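If you read the sequence shown in my numbering, its first letter stands for residue -8, the second for the next number, and so on.
C-beta atoms are modelled at their ideal positions from N, C-alpha and C, and glycine is treated no differently.
Only a predicted model underlies this, so the values are computations on that prediction, with no experimental measurement involved.
Some notes on the structure that comes next.
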Amino acid sequence: MSNNRKEFLQQLGAGLVVTGLPAIASAEIFLETGIDTNDFDNGGAADDEKYWKNIARKYYAVSRDYINLENGYYGLQPKPVLQAFQKNITLANTEGARFARKVYPELSASIKKELAAFLQVSAEEIIITRNATEALNIAIQGYPFKEGDEVLINQLDYFSMIEAFRMLEKRGRIKVNAFEMPLLPANEDEIVEIYRKQVTDKTKVILLTHVSNINGLIVPVAKIAAMAKQKGIDVMTDSAHALGQIPFSIAALGSDYVGMNLHKWIGNPIGAGVLYIKKERIKEMTVLFGDVNTAEDNISKLAHFGTTPFAVVMTIPDSIAFHRLMDVEKITKRLHYLKSTWINELEKNAAVEIVTPKNLSCAIASFRIRDKKVAETADYLYKHHNILTVNRALGKDGCIRVTPSVYTSAEEVMKLVAAVKSYVG
Ligand SMILES: Cc1ncc(COP(=O)(O)O)c(C=O)c1O
C-alpha cells in the first residue's frame, strides 16, 4: 500500500474517531464514493495530461458547454465532496433542531480541530467564517488602532479590504496610504524593498494580498513581515487565493492575522473561510459582532455569527481530505504550468501585454490587448469562443484575468491562445 493511500485511509479513520459520532460523520461518505486512491499515486507531473484528464473526468463534474477560465471566482467541489455536502444538507434538514442542539456543537468543535491541524495552528487561534471578506473585516475592524496610525495598501489589494480600511479612515480612526505596486517586479527582494520604502514611522499595519486577485502576483509575505516586525509594524495577510493554490505554512508567514477561503482552492462548498489570529494578539481585538460574555483571550469572542450553515461547515473534513489526496505540491506545479502555457505563446505577440510576472505567480495571470477595451475582449472571448474570463479594474486600461484550475486541460488553455490570436489578427 502506498503512503498516499495509507495516509488517506488514516485520515478517514481520524475523521470518524475524532467526531465519535455515528452516521453523520461526513468523512464517512468517502468510503461510499468510489475514490480509487491509485488514481493519485502515480503520475501527476505538471505536464502529465493523461493524469490530469483522468482526475478531471472521474472527480469533477465540470460543465463542458464552455471553457471555464474564471476559476478565480470559486473552485468546483470534487464529486465526493459534493456528495458529502448533499448528504449533510439532507441530514440537517431531516434531523432538524435535535441535530443542531445535540450533535452539531461537538461535531463543529472537532471539525475546527481538524481544520486547525490542516493549517498547522492551534484550534484556539482560528474561527470559521463565511468567507475571507468576513474573516478580514473582523481583523481589520477589531484591530486596536490608535489615533494617528497609518495603514499601507496598494492597487493590487482586494477592493473589499481596501474599503474596510477606507471606512475606518472616514470614521477618523486611521490614515490610509496607497502606493502603486509595479505590475512586473523582477523578484521578491524588489517587492520587499518597495514596502520598506513606503512605510513611515506612523505605519501600524500593512495589508498584504498574498496572491493578488487582479494579476495573480504572489508577494513574499514572510520577508515583508520580517522587515515590518523590525519596525514594530503588523501585517494583515489576505490569503484568500493562497490557501490550496500554493503551499505555505501560517507559522512561516510570520503574520499575526491571516484571512483565508476554503471555497476557492480547497474545494469546499461556498460559504466557508477562516480567520487566524496569533494567540497572544486575541485579547486586544475588539469584537465586530456583539459578545460581552466570552473571555477576552478566547478567539470565539470574534465568531458570534448566529445560526451557521451547518452543511457547509460539516463538509470541511471531506474537502480537506480530498485536497490532501490531490497534494498541494502537485496542484501548484500544474497550475503554474497551465498559466505558463498560455503566457509563453501570447507574450510573443506584440499586440498583447502580459501584466503578470510569470515567475511570481501561480494559476492566476492577466493580460490586455493594446488599443482594445478589456470588457470588449472578454465579451469577444465568451461570445465567439465560449471561453469565460473576467475583466478586472487595473489603472486606466484594466486587464483580463485568466484562471485555470486542476480540471482545466492544456488543450483548453491553448484554445484561449488561438482565440486571442484570432482577435488581434
Ligand atoms: C485576494 C482576495 N481576497 C479576498 C477575497 C474575498 O473572498 P470572498 O468573496 O470569498 O470573501 C477575494 C475574492 O475573490 C480575493 O480574490
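Is any heavy atom of ligand 1 found at a distance shorter than 7 Å from the C-beta of residue i?
{"i": "residue 33", "result": "no"}
{"i": "residue 62", "result": "no"}
{"i": "residue 231", "result": "yes"}
{"i": "residue 206", "result": "no"}
{"i": "residue 42", "result": "no"}
{"i": "residue 310", "result": "no"}
{"i": "residue 101", "result": "no"}
{"i": "residue 149", "result": "yes"}
{"i": "residue 356", "result": "no"}
{"i": "residue 107", "result": "no"}
{"i": "residue 124", "result": "yes"}
{"i": "residue 200", "result": "yes"}
{"i": "residue 264", "result": "yes"}
{"i": "residue 335", "result": "no"}
{"i": "residue 145", "result": "no"}
{"i": "residue 252", "result": "yes"}
Suppose you measure from the CA of residue i to the CA of residue j; what does that come to, to the nearest Å?
{"i": "residue 244", "j": "residue 374", "result": "42 Å"}
{"i": "residue 221", "j": "residue 152", "result": "24 Å"}
{"i": "residue 435", "j": "residue 41", "result": "A question about residue 435 goes unanswered here, because the residues of the chain that appear run from -8 up to 416."}
{"i": "residue 35", "j": "residue 25", "result": "20 Å"}
{"i": "residue 209", "j": "residue 199", "result": "10 Å"}
{"i": "residue 279", "j": "residue 339", "result": "50 Å"}
{"i": "residue 357", "j": "residue 94", "result": "46 Å"}
{"i": "residue 82", "j": "residue 89", "result": "11 Å"}
{"i": "residue 406", "j": "residue 213", "result": "37 Å"}
{"i": "residue 60", "j": "residue 288", "result": "43 Å"}
{"i": "residue 337", "j": "residue 360", "result": "10 Å"}
{"i": "residue 117", "j": "residue 108", "result": "11 Å"}
{"i": "residue 331", "j": "residue 283", "result": "51 Å"}
{"i": "residue 411", "j": "residue 384", "result": "20 Å"}
Give the range of the beta strand (DSSP E) segment to which residue i is assigned.
{"i": "residue 122", "result": "No beta strand (DSSP E) holds residue 122; DSSP gives it neither H nor E."}
{"i": "residue 392", "result": "390 to 393"}
{"i": "residue 145", "result": "141 to 145"}
{"i": "residue 172", "result": "Unbroken run through residue 172: none, as it is neither H nor E."}
{"i": "residue 268", "result": "264 to 268"}
{"i": "residue 381", "result": "381 to 383"}
Please state whether DSSP places residue i in a helix, a strand or coil.
{"i": "residue 357", "result": "strand"}
{"i": "residue 13", "result": "Because residue 13 sits at a pLDDT of 38, beneath the cut-off of 50, its placement in the model cannot be relied upon, and the following sentence gives the value as read from the coordinates. Note: residue 13 maps to coil in three-state DSSP."}
{"i": "residue 35", "result": "coil"}
{"i": "residue 90", "result": "helix"}
{"i": "residue 22", "result": "Caution is warranted here: a pLDDT of 48 is assigned to residue 22, below 50, making its placement in the model unreliable, and no coordinate value can be reported."}
{"i": "residue 251", "result": "strand"}
{"i": "residue 227", "result": "strand"}
{"i": "residue 167", "result": "strand"}
{"i": "residue 199", "result": "strand"}
{"i": "residue 274", "result": "helix"}
{"i": "residue 289", "result": "coil"}
{"i": "residue 79", "result": "helix"}
{"i": "residue 279", "result": "coil"}
{"i": "residue 61", "result": "strand"}
{"i": "residue 387", "result": "strand"}
{"i": "residue 118", "result": "strand"}
{"i": "residue 332", "result": "helix"}
{"i": "residue 257", "result": "coil"}
{"i": "residue 194", "result": "strand"}
{"i": "residue 208", "result": "coil"}
{"i": "residue 351", "result": "helix"}
Would you kindly report the start and end of the unbroken alpha helix (DSSP H) that includes residue i?
{"i": "residue 151", "result": "150 to 161"}
{"i": "residue 340", "result": "Neither: residue 340 is in no alpha helix (DSSP H) and is coded neither H nor E."}
{"i": "residue 368", "result": "365 to 376"}
{"i": "residue 188", "result": "179 to 189"}
{"i": "residue 48", "result": "40 to 50"}
{"i": "residue 314", "result": "307 to 317"}
{"i": "residue 215", "result": "212 to 221"}
{"i": "residue 109", "result": "95 to 110"}
{"i": "residue 413", "result": "401 to 415"}
{"i": "residue 241", "result": "241 to 244"}
Looking at ligand 3, does it come within less than 7 Å of residue i, judged from the CB to the closest heavy atom?
{"i": "residue 267", "result": "Ligand 3 is not among the ligands present in this structure, which contains only ligand 1."}
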